[in-house]
Amino acid sequence: MDCYPEHLAPDFDEWGCVATPFDVWWARARNFFKNVPEEVAQYWIHEHWGHSPFNHLKSWEYSYERTAWPLDTLSSIRSRESGYNESNEACRLQGEFVLKNKSNKTAQFMLEHGHPPVALIVLDNRDGHLIDPNFDSIYPKEFLLIEGHTRFNISIALHFRKRLLSLPVWLMYRDPKYRLS
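In short: position in the sequence shown from 1, add 66, done, that's my numbering.
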């Protein structure tokens, strides 16, 4: 997000993973990301520093609302992992694969509780405002999965099995003052 401002970059370990603890980083970065909820900052910005294909989004242009996604409209969330296809079949198959991995803690949590341990981040792009700065992909005018791809894939698989009980989501929407007229 915000093209990863260099002055806010966390430290990385020798494998390229974020080494700076979130609370230490957030104390330094929170004033820059003023309207970003702490959970969103932790699981998207901090954890994926330098790796999100949505790094060009400007934090100050968006607001966030935590909500329970209606399960009967799960197909309205589109993922790049399935080519933004409404069926999300590629996501479901990947979710089934992850569910078979008995050592995957997220899968085990979701099997036991019927929901992800952390809310997904979904962007409302129904107004079509999102444009890829590299022009190598076109974003559909839909709800787009921004963060939580593994949790989403498992959710789709559990929903197919009728075992998904709820889906917490941070709905990210463009602040009205930035909307195109």
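Note that beta-carbon positions come from the ideal geometry of N, C-alpha and C, so glycine has one too. Just so we're clear, the structure is a prediction, and the values are computed from it rather than from any experiment.
- The C-beta of E155 has fewer than 16 other C-beta atoms within 10 Å across all chains shown, which makes the residue exposed.
- In the structure shown, W81 adopts coil according to DSSP, grouped into three states.
- The beta carbons of Y239 and D190 sit about 4 Å from each other, so the pair counts as a contact at 8 Å.
- Here the segment 230-237 lies against the segment 127-138, with 3 or more beta-carbon pairs under 8 Å apart.
- Look at the segment 110-187 and you find these whole runs of beta strand (DSSP E), each 3 residues long or longer: 128-134.
- Taking C-alpha positions only, L74 is separated from K168 by approximately 37 Å.
- In this structure, A223 lies near L165, with their beta-carbon atoms less than 7 Å apart.
- Classified as exposed, N97 has fewer than 16 neighbouring CB atoms from the shown chains inside 10 Å of its CB.
- In the displayed model, V235 falls within a strand according to three-state DSSP.
- Excluding five sequence positions before and after T139, none of the CB atoms of its chain fall closer than 8 Å to its own CB.
- For P76 and S145, the gap between their C-alpha atoms comes out near 27 Å.
- For the 7 Å CB-CB criterion, F209 and V184 do not form a contact.
- Counted as a single uninterrupted DSSP element, the alpha helix (DSSP H) harbouring L224 occupies residues H215 to F226.
- One Cα belongs to F99, the other to E178, and the distance between them is close to 34 Å.
- D89 has its alpha-carbon roughly 28 Å from the corresponding atom of I220.
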